[in-house]
Each structure stands twice: as C-alpha cells, then as structure tokens.
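4 is the number of the first residue of the first sequence in this note's numbering; add one for each residue after it. The C-beta atom is built at its ideal place from N, Cα and C for all residues, glycine as well. Reading through the structure tokens given below for one structure.
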Amino acid sequence: MAGPTGSGKSDLALLLAQTFNGEIVNCDSLQVYRHFDIGTAKLPLAERCGIPHHLIDILDPDQLFTAGQYARVARDTIQEISARGRLPILAGGTGFYLRALLEGLFDGPVRDQPLRDRLSVREARRPGSLHRLLRRFDAPSAARIHANDVPKVTRALEICLLTRQPVSRLFQTGRDALTGYRTLKLGLMPDRELLNPRLDTRCAWMFENGLVEEVRGIVALGFSPGCKPFESHGYKQSLQFIAGELSLKDAVFYAQRNTRHYAKRQITWFRRESELVWLKGFGDADDIRSSALERTAEFLELSQG
RNA sequence: GGACGGGUGGCCGAGCGGUUAAUGGCAACAGGCUGUAAACCUGUCGCUCCUUGGAGCUACGGAGGUUCGAAUCCUCCCCCGUCCA
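The following block contains the structure:
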C-alpha cells in the first residue's frame with residue numbers, strides 16, 4: 004500500500020487487514036519512532052480495531068535507523084506474520100524503505116561514521132573535493148550523482164573506500180531482493196488539487212491538537228532537538244515556534260508547504276515503482292475501497308491457485 | 001503644505017546608461033534517488049515561433065524627454081513609507 008501522505012493508506016490498509024485476515028507492517032520512516040505521534044499521523048491504538056500494527060514505535064528519537072535496517076526488520080516481521088497464517092500488509096509512504104525491502108539493497112558495507120566525519124571535514128575545507136575524489140575512484144557513479152548532492156557522494160565514496168571497488172561495479176552484482184512472496188502493490192493517487200487542501204487542513208489540525216505540546220514533551224524527556232525525526236515537517240516548525248523563531252501562523256504555513264512538497268516527491272517516487280496498481284482517489288472513498296478489496300481478493304485467489 | 005526614502009517579473013529582492021528577459025531567494029511545475037530518504041539533490045520558470053541555436057514580441061508605477069542606446073539620467077503626474085508642519 005503506497006501513495007503520498009494523506010492519501011488514506013492507513014485506513015485502507017486497515018480495511019484490507021480486517022477483510023483478509025491481515026496484519027499491518029508500517030513502512031514509514033518516522034512512525035518507527037516513539038513519541039512522534041500527532042505529526043506523523045500515527046493511527047491511535049484505539050482506532051486500530053485490534054489489528055496488529057508492526058514496526059511502529061520501535062525506536063527512541065535519538066536512535067539512528069536506515070533503509071537497510073528497515074529492510075531486515077521488515078523481512079523478519081513479514082515472515083512471522085506469514086508463519087502465523089496471516090497476510091502481511093505493508094503500509095507507508097517511505098518509498099525508499101519499500102524498495103529496500105522488496106528489491107533489496109546491494110550487498111555493501113554499512114555506514115562508517117568515523118570515515119564519514121573525515122570526509123565531511125574534507126568537503127567543508129574544499130567544497131566539491133569529494134565529488135572530484137569520487138570521479139577518480141568511480142567515474143560512472145560520479146557522473147550519476149550530482150556534485151551538490153553531498154550525502155550521496157559521501158555514501159558512494161564510503162563504499163569505494165571500504166570495499167576498494169567502484170560502486171558502479173558493486174551494483175552490478177545485483178540486489179538482495181525479497182523472495183518467497185508474491186506481492187500486490189496498491190498505490191493511492193488522489194488528484195493533487197484535492198490532496199493539497201486536505202494536507203493543509205490536516206496539518207493545521209495537528210497544530211490545533213497538541214503537536215507543539217507533543218514536541219515540548221519529547222524534549223522534556225531529554226531528547227535533543229537535533230534528533231533526526233525533528234527534522235521532519237511539523238516537528239521542525241514546532242521547534243522553531245518554541246524557540247521563538249517563527250510565529251504560530253508561520254509555523255503552520257511552512258509545515259503545510261513542506262508537506263505539500265513531500266507529497267509531490269512521494270508521487271514522483273511511486274510513479275517509477277514497477278507493477279504498481281494505481282487507485283485514483285483517497286483510501287476512504289467508497290469506490291476506491293471496493294476496488295482495493297476486489298483487486299486484493301483477485302490477487303489472493305490467483306496466488307493460491 | 002514641506003523634507004527625504006521608495007514603487008522591478010506570482011511574491012521578496014538586486015541592478016542604478018549598453019555585455020539585462022533583467023543576479024539571488026521563495027513559490028509554482030517537472031524530475032532524480034541502491035544504508036540518516038518527512039532527508040538530500042537536479043531542471044524549467046514573460047509570451048510566441050522555428051531544429052541544437054536562434055528569431056520576433058511584450059516588460060522594471062504612468063506620461064513625456066535626454067541619448068546611437070534607459071529599469072538605470074531629467075521633467076511632470078499617481079501611489080506607498082518615514083519625518084517636519
């Protein structure tokens with residue numbers, strides 16, 4: 004179950020889980036964090052209708068998490084669910100996590116913080132130097148990654164340095180794809196003219212319903228405002244509001260804007276996703292729900308037969 | 001009524017005689033992504049036409065003027081801000 008934020012993935016996933024004896028596996032890079040509830044539109048426990056939701060609230064805000072880790076944990080989770088004879092249903096908007104899980108990542112080294120720190124110092128001293136370095140180690144990758152995209156240049160270089168091989172060659176060894184499952188990918192794609200106002204409303208609602216208090220609470224627990232999940236829209240602006248850098252009005256405004264940008268990026272991502280069955284509407288619309296049920300029933304029949 | 005400051009493309013904001021369809025930034029639109037991905041990055045962005053590259057048209061509050069040439073200088077007018085009455 005893919006689609007941009009606010010398209011109704013959680014709702015629809017719940018319906019599918021109820022209908023087809025399923026359990027839900029979160030595929031959202033922020034809902035994995037504890038305490039980040041309101042701004043991530045986490046489905047409250049009371050609304051989960053007794054359906055188990057996995058990979059939600061599995062980390063503290065200061066814990067680093069990566070797509071690779073996600074893929075490993077998610078695979079285990081899916082396996083357990085199937086072993087129980089139930090249907091695993093993935094739901095979430097983080098396309099990269101979904102791809103890491105389904106298609107896999109290449110078999111490469113995990114991030115190496117000390118190395119990255121050194122590279123970062125080098126880049127700070129001489130901007131562009133990392134990309135030039137990458138060009139020497141692995142010209143194809145350097146051509147593929149824009150020089151300004153420092154994080155990606157860094158990762159490519161990290162791999163080259165650690166494995167003594169060009170990334171472009173390692174990629175050719177293939178990906179560690181998920182096997183043993185047939186998948187049905189449903190994608191929600193409402194009109195953007197309809198999505199945007201919904202996102203704006205939802206975002207304003209979050210601020211009116213305790214988002215800022217939630218942020219204060221997380222900080223009060225001792226977590227640094229520098230933690231990764233605080234970089235996300237809604238949370239970032241709440242922090243700025245608390246610090247007096249933004250008025251509440253502006254905080255809401257910027258959070259709304261960033262959310263719209265994000266939705267657009269998700270759409271761009273999911274459009275490339277292979278074999279995705281598009282449902283052109285919101286997950287809470289009757290026609291979308293019934294066609295989702297239909298597609299799923301069809302798919303399950305085929306898989307069994 | 002007087003003295004300054006200012007009016008620039010959807011917005012903010014540079015430019016202050018030619019190399020300017022006009023630096024930047026934002027928004028908008030499109031795209032990319034193999035381990036921090038709600039992150040990070042890229043492209044387009046006045047209009048019309050043809051093939052890269054161009055061609056034409058319309059643009060810097062309004063109207064005139066100076067000049068080979070003006071968003072840039074001058075005059076008048078209209079708005080806006082601050083100060084003095």
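Pull the bridge partners of residue i from the DSSP assignment, please.
i: residue 208; result: Answer is none; residue 208 lacks a bridge partner.
i: residue 25; result: 90
i: residue 256; result: Its beta-bridge partners do not exist; DSSP assigns none.
i: residue 183; result: According to DSSP, residue 183 bridges with nothing at all.
i: residue 281; result: 190
Apart from the five residues on each side of it in sequence, which residues of its chain come closer than 8 Å, Cβ to Cβ, to residue i?
i: residue 98; result: 5, 269, 272, 273, 276
i: residue 160; result: 122, 133, 136, 137, 140
i: residue 292; result: 15, 18, 286
i: residue 311; result: Here the chain has residues from 4 to 308 only, and residue 311 is not among them.
i: residue 89; result: 24, 25, 26
Please determine, among the options, the residue with the shortest C-alpha to C-alpha distance to residue i.
i: residue 84; options: 34, 216, 26; result: 26
i: residue 316; options: 142, 81, 185, 289; result: This structure leaves residue 316 out entirely; the chain is present only between 4 and 308.
i: residue 198; options: 18, 235, 175, 264; result: 264
i: residue 78; options: 54, 107, 248; result: 107
i: residue 235; options: 249, 259, 291; result: 259
i: residue 154; options: 9, 66, 119, 7; result: 119
i: residue 303; options: 92, 169, 242; result: 92
i: residue 278; options: 105, 288, 131, 162; result: 105
i: residue 9; options: 129, 301, 262, 164; result: 262
i: residue 299; options: 189, 100, 156; result: 189
i: residue 80; options: 61, 67, 47; result: 61
i: residue 67; options: 128, 90, 175, 36; result: 36
What residues in its chain sit with their C-beta under 6 Å from that of residue i, if we drop five residues either side in the sequence?
i: residue 43; result: 33, 34
i: residue 143; result: 171
i: residue 45; result: 34
i: residue 230; result: 64, 65
Thinking residue i and residue j are a contact (beta carbons under 8 Å), I'd like their distance in whole angstroms, please.
i: residue 295; j: residue 15; result: 6 Å
i: residue 11; j: residue 191; result: 6 Å
i: residue 29; j: residue 59; result: 5 Å
i: residue 226; j: residue 7; result: Not confirmed; about 28 Å, so no contact.
Starting from the C-beta of residue i, find all residues in its chain whose C-beta is less than 7 Å away, skip the five residues before and the five after it, and write them out in chain order.
i: residue 103; result: 70, 71, 73, 74
i: residue 237; result: 42, 206, 209, 214, 258
Do residue j and residue i come within 8 Å of each other at the CB atom, strictly closer than that value?
i: residue 166; j: residue 112; result: yes
i: residue 320; j: residue 221; result: Summary: the structure shown does not reach residue 320, with the chain confined to residues 4 through 308, and so no result is reported for it.
i: residue 158; j: residue 109; result: no
i: residue 131; j: residue 146; result: no
Kindly examine the ligand FAD and report whether one of its heavy atoms sits closer than 7 Å to the Cβ of residue i.
i: residue 131; result: This structure simply doesn't include the ligand FAD, nor any ligand for that matter.
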